[in-house]
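Peer 1: UniProt numbering puts the first residue of the sequence shown at 1, with every later residue one more than the last. Backbone N, C-alpha and C define an ideal beta-carbon position, used for all residues, glycine too. All values reported here derive from a predicted model rather than from experimental measurement.
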Amino acid sequence: MGNCCSRDPSRGAGHKLVPIKRHATWPATAKVVANVEDHEFSTWDLTGDARSGRPVKMTARAQRRMLNEVKKNPRVSARDLKKSLAHANISVDESTIRKTLNKKGVHGRTPRRKPLLSRKNIAARLKFAKEHLDVPQHYWQHILWTDETKVELFGRNTQRYVWRIQRVFLQL
């Protein structure tokens, strides 16, 4: 019998060091040790087993297609992605789409309430500030200052989400 799978500490690494050396869990190692002792195999390969579980529904090509659609339009919903994949004869559930995107590092996030300043807005603000730099104080007392609060009484006032890639910020 091989050195690595022995329960006898004088003959091998021991039952606590084997999982660490083999990068395996203790229950998996215990099962291998039991099989080795039962069948008297000299070696046992932990990496050669077939993959267990249900096979993936989406191909790598379908996943790339979905990622490209999300990059083009971050506001696209999982329902819309499901419809676009159905045109390509790929039938998956919306939860599968969300799980796949999450595995690829794309997550649903709440968009910013106030958008970031664009270069155009920055230039317009700077121009306004330079033009009104020397205006006297009493000029501003006659200006009516209002905010742009939007109140929806009978509209779609629900929480919206956008797809965001991890650690990638909006680039101007």
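For LEU85, is the classification buried or exposed, using 16 other Cβ atoms within 10 angstroms of its Cβ as the cut-off for buried?
Peer 2: LEU85 comes out buried.
Peer 1: Would GLU69 and LYS82 be called neighbours here (beta carbons separated by less than 8 Å)?
Peer 2: In this structure, LYS82 does not lie closer than 8 Å to GLU69 by Cβ.
Peer 1: I need the straight-line Cα distance from ARG64 to ASP147, nearest angstrom please.
Peer 2: So the two alpha carbons sit approximately 43 Å from each other.
Peer 1: Which of the three DSSP states, helix, strand or coil, is assigned to VAL76?
Peer 2: DSSP places VAL76 in coil when its eight states are reduced to three.
Peer 1: Pick out whichever of THR100, ILE143, ARG109 and ARG160 has its Cα sitting closest to the Cα of ARG167.
Peer 2: Residue ARG109 is the option with its Cα nearest to ARG167.
Peer 1: Measuring straight from C-alpha to C-alpha, what distance separates MET66 and VAL92?
Peer 2: Straight-line Cα distance between these residues: approximately 12 Å.
Peer 1: How is HIS138 classed by DSSP in three states: helix, strand or coil?
Peer 2: The answer is helix: DSSP assigns HIS138 an H, G or I state.
Peer 1: Under the rule that 16 or more other beta-carbon atoms within 10 Å means buried, what is TRP145, buried or exposed?
Peer 2: Result: exposed.
Peer 1: Mark ALA78 as exposed unless 16 or more other C-beta atoms lie within 10 angstroms of its C-beta, in which case mark it buried.
Peer 2: By the 10 Å Cβ count, ALA78 comes out buried.
Peer 1: I'd like the ranges of any alpha helix (DSSP H) spanning at least 4 consecutive residues and lying wholly in the region 77–121.
Peer 2: DSSP runs (the alpha helix (DSSP H)) wholly in the region 77–121: 78–87 and 94–103.
Peer 1: Could you tell me the boundaries of the beta strand (DSSP E) in which ARG164 lies?
Peer 2: Element bounds for ARG164: 162–165.
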